[in-house]
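Novice:
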Amino acid sequence: MLFWVALAVLAPILAPFPPNAQDFAALAKPTPSAAHWLGTDHKGRDILSRLIWGARIVLTVAPLAVAAAYLIGTAMGMLAGYFGGWIDAAVSRVSDVMLSFPLIILYVIVIANIGPSAANIVLAVTLASAPGVSRIVRGLVLELKSQDYVAAAKLRGENAAFILIVEILPNCRGPLIVDACLRLGYTTINIGVLGFLGLGLPPPDPDWGGMIKETTALITVWPHMAVIPSIAVVSLVLGFNLLADGLNEMTRQR
Amino acid sequence: MSGFILRRLAHAVLTVLAASFLIFAVSEFSPGSVARKMLGPYVEDVQVDILSQKLKLDDALIIRYLRWLGVLTGAIADPLADPALNLGLSDPRGSRYFGNFGYSQLYKAPVNDIIWNRLANTLLLAGTAFAIILPLSLAFGVLSGMREGSRLDRSLSVAGIVLTSIPEFASGVMLTAVFVVGLKWLPGISPLEARGDWSIAAQLVLPVAVLVLYDFGYVARMIRGSMVEVMGRAYVRTAFLKGLTRGQVVLRHALRNAMIAPFTVLLLQLNWLITGVVVTEMVFAYPGFGRMLLEAALFGDIALVEAAALTALLLAVVTQLVGDIGYMLLNPRIRLA
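As they're listed, the protein sequences go chains A and B. Per this note's numbering: the first sequence = residues 60 to 313. Per this note's numbering: the second sequence = residues 4 to 340.
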């Protein structure tokens with residue numbers, strides 16, 4: 060994973076070619092060669108360069124979407140968990156509706172209606188994952204609000220916002236960090252899925268999912284064009300998931 | 004207990020109503036007039052205006068939603084079927100019946116002529132995949148949860164992480180590269196027509212494999228987690244101390260209790276398999292429900308998208324309802340409360 064982050068940051072230096080530069084000579088023989096290490100795609104564009112530039116996109120869009128989902132989800136969950144009553148009922152009902160709906164259908168409807176762009180991908184992913192975050196936060200707050208230090212803060216006369224943000228939120232961080240890592244993995248998959256379905260970044264931007272979509276039709280002739288970006292997606296998601304697993308072990312041991 | 008079921012049922016109906024309004028609002032409130040989407044890009048503005056007037060599309064959103072509900076339940080006739088509009092749309096079922104979803108602009112036919120066939124295709128795919136995922140993940144989940152930290156347990160947990168990290172489009176591409184391009188054992192597309200060299204069974208192998216690979220790791224890990232928790236309970240220790248063998252303890256005491264938590268997860272998988280398999284269907288050109296929804300959404304086929312989304316929603320709510328009730332029946336502590 061660090062490998063991909065480094066690649067993304069250093070993209071302008073490392074990438075041997077601009078992402079959309081076409082090498083027409085390579086069209087005749089697109090397989091990996093000395094000039095194009097991972098070969099070129101159906102339009103003669105260097106796959107390695109597109110992967111590196113694409114990493115930049117995934118690694119900005121995914122964390123942005125997860126952060127936005129956390130902002131909204133945490134606020135919803137904290138309010139629901141802390142105040143209970145009708146606020147809890149309303150928030151939980153909304154999350155239930157959103158969660159019972161297959162995510163992919165949500166994405167398809169939202170993106171198909173508002174059009175594909177990086178901002179809209181963030182919006183769709185945020186909408187889809189905020190309820191999940193809210194549910195986790197709500198559970199954690201319910202558990203923590205009966206703790207002595209919360210009662211102490213209440214007796215000191217602190218208001219609810221202070222108690223939630225200063226007393227409760229920091230104590231939720233363990234499980235939330237693990238969940239955020241898992242969510243980064245899922246979001247990476249989902250961004251790939253959107254690209255693959257033609258709902259990702261509009262071409263010719265180097266979107267990993269889009270790269271696979273454009274070249275699967277050619278898989279019988281030039282399998283490397285679709286297989287190499289697939290391996291890139293898997294390696295990044297695997298990185299996030301292993302990180303989440305490691306963090307999970309760490310928080311459990313403590 | 005019947006009170007609990009009734010309350011859940013009321014919740015479900017409310018959920019469906021609220022969400023169906025959202026679906027309607029998102030698809031009909033979208034930029035670009037509804038009439039324009041129905042007529043396509045090649046008509047004059049005057050015609051668009053005429054249709055907008057005839058369909059009363061300038062009314063408030065909530066009124067249009069109620070009218071849509073009216074058509075859906077058969078209370079009022081579908082205004083699109085009016086021969087005066089000259090859209091060439093007709094439905095053999097008539098223009099007033101329960102479950103009237105209107106007309107698909109993409110296929111130029113009543114939605115009901117298209118959607119059920121596609122749903123049946125997806126059910127075949129989802130059912131086959133589920134029939135493989137269920138026993139496989141049960142077996143592995145229970146075996147590794149029985150002895151936490153054993154070699155089987157550790158390899159399963161690594162395999163689970165790896166498998167859930169492979170998105171469907173990636174495994175689809177890789178399996179195709181190996182089995183279709185390399186070994187030439189299987190067909191690369193699954194149109195479900197027994198044309199050419201490949202039987203329908205052969206066409207199902209790869210799509211089912213992709214779904215099983217993606218889902219198995221996750222379900223097995225859920226079952227394992229629940230099993231590990233139950234094996235640490237006091238009544239399991241008592242059973243061991245009583246002198247029962249490991250097999251007896253697992254079969255008589257642990258298994259039933261360990262199945263309570265994953266029950267809901269399993270139902271949700273079924274739900275996901277039926278409506279969430281868009282990617283797999285796209286990879287293999289499978290004529291299923293998800294691909295239909297995607298094509299309709301990209302085309303701007305409002306009626307079909309609404310119908311498909313509503314079907315997906317109903318399925319989701321029903322599985323949740325069944326999950327809640329089943330959970331209650333399985334767990335005596337809730338049942339008797």
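Positions of the beta carbon are idealized from the N, C-alpha and C atoms, including for glycine.
How about Ser289/A: is its C-beta nearer than 8 Å to some C-beta of chain B?
Specialist: yes
Novice: Taking only beta-carbon positions, decide if Asp155/A is within less than 8 Å of chain B.
Specialist: Yes - at least one Cβ of chain B is within 8 Å of the one on Asp155/A.
Novice: Please look up how many angstroms separate the CB atoms of Cys240/A and Ala303/A, rounded, as I've assumed it's under 8 Å.
Specialist: 4 Å
Novice: Determine, using beta carbons only, whether Ile224/A comes closer than 8 Å to chain B.
Specialist: no
Novice: What are the residues that DSSP puts in a beta bridge with Tyr106/B?
Specialist: Pro113/B
Novice: Quick check on this structure: which residue in Leu72/B, Leu75/B, Asp52/B, Pro113/B has the alpha carbon closest to the alpha carbon of Asp304/B?
Specialist: Pro113/B
Novice: So does Val296/A have its beta carbon nearer than 7 Å to some heavy atom of the ligand HEM?
Specialist: No copy of the ligand HEM occurs in the structure displayed, which carries no ligand at all.
Novice: Checking 8 Å against the spacing of the C-beta atoms, do Ile277/B and Val211/B come in under that value?
Specialist: no
Novice: So, using beta-carbon positions, are Ile195/A and Ile250/A closer together than 8 Å?
Specialist: no
Novice: Between Phe255/A and chain B, is any beta-carbon pair separated by less than 8 Å?
Specialist: yes
Novice: Against chain B, does Val286/A count as a neighbour if the rule is that its beta carbon must be under 8 Å from one of theirs?
Specialist: yes
Novice: Count the other C-beta atoms from every protein chain shown that fall within 10 angstroms of the C-beta of Ser153/B, then say buried if there are 16 or more, exposed otherwise.
Specialist: Classification of Ser153/B: exposed, given that the 10 Å Cβ count is below 16.
Novice: First and last residue of the alpha helix (DSSP H) that includes Cys240/A?
Specialist: Per DSSP, Cys240/A belongs to the alpha helix (DSSP H) from 232-255.
Novice: If you count every other CB in all the chains shown that lies within 10 Å of the CB of Pro229/A, and 16 or more means buried, which is it?
Specialist: exposed
Novice: What in chain B is Cβ-close to Ile248/A, meaning under 7 Å?
Specialist: Pro170
Novice: Name the two residues that bound the continuous alpha helix (DSSP H) containing Tyr208/A.
Specialist: 207-214
Novice: Taking 8 Å as the CB-CB cut-off, is Ala315/B touching chain A?
Specialist: yes
Novice: Is Ala180/B near Val286/A, with beta carbons less than 8 Å apart?
Specialist: yes
Novice: Relative to chain B, which residues along the stretch 196-212 of chain A have a C-beta separation below 8 Å, given in chain order?
Specialist: Listed in sequence order: no entries.
Novice: Under 8 Å between C-beta atoms, does Gly185/A make it to chain B?
Specialist: Sequence inspection shows Thr at residue 185/A; the Gly mentioned does not correspond to that position. Closer than 8 Å: no.
Novice: Take the Cβ of Met309/A as the centre, count every other Cβ of all protein chains shown within 10 Å, and call the residue buried at 16 or more, exposed below.
Specialist: exposed
Novice: Strictly under 8 Å for the Cβ-Cβ distance: is Ala173/B near chain A by that measure?
Specialist: Proximity of Ala173/B to chain A, defined by a Cβ-Cβ separation below 8 Å, is satisfied.
Novice: Quick one: which chain A residues come within Cβ less than 7 Å of Leu75/B?
Specialist: Within chain A, no residue comes near Leu75/B; the closest Cβ sits about 18 Å away, beyond 7 Å.
Novice: Find the residues of chain A that neighbour Ile3/B, judging by a C-beta separation of less than 8 Å, and give them in chain order.
Specialist: Since the displayed chain B opens at 4 and closes at 340, residue 3/B lies outside it and no answer follows.
Novice: How would you label Ile116/A, buried or exposed, when you count the other beta carbons within 10 angstroms and need 16 or more for buried?
Specialist: Per the 10 Å Cβ criterion, buried.
Novice: Is it a yes or a no for the stretch 135-146 of chain A touching the stretch 187-203 of chain A, going by three-plus beta-carbon pairs under 8 Å?
Specialist: yes
Novice: Answer yes or no: do Gly293/B and Arg227/B have a C-beta to C-beta separation smaller than 8 Å?
Specialist: Result no, Cβ atoms of Gly293/B and Arg227/B do not sit closer than 8 Å.
Novice: Give the residues of chain B in contact with Asn300/A, contact being defined as C-beta atoms less than 8 Å apart.
Specialist: Chain B residues near Asn300/A: Ile164, Thr167, Ser168.
Novice: Once DSSP output is grouped into helix, strand and coil, what is the label at Asp218/B?
Specialist: Secondary structure of Asp218/B (DSSP, three-state): helix.
Novice: Is it a yes or a no for the stretch 98-107 of chain B touching the stretch 247-265 of chain B, going by three-plus beta-carbon pairs under 8 Å?
Specialist: no
Novice: Using a beta-carbon distance below 8 Å, is Leu296/B in contact with chain A?
Specialist: yes
Novice: Is the stretch 308-323 of chain B touching the stretch 17-27 of chain B, taking contact as three or more C-beta pairs under 8 Å?
Specialist: With a cut-off of 8 Å, the stretch 17-27 of chain B and the stretch 308-323 of chain B count as touching, because enough Cβ pairs lie within range.
Novice: Would you grab the beta carbon distance between Val292/A and Ala78/B for me? Rounded to a whole angstrom, and I think it's under 8 Å.
Specialist: Wrong, their Cβ atoms sit about 48 Å apart, outside the cutoff.
Novice: Using a C-beta to C-beta distance shorter than 8 Å, which residues of chain B count as neighbours of Ile271/A?
Specialist: Phe172, Ala173, Val176
Novice: What residue from Gly130/B, Leu258/B, Ser30/B, Asp61/B has the CA that sits closest to Gly291/B's CA?
Specialist: Gly130/B
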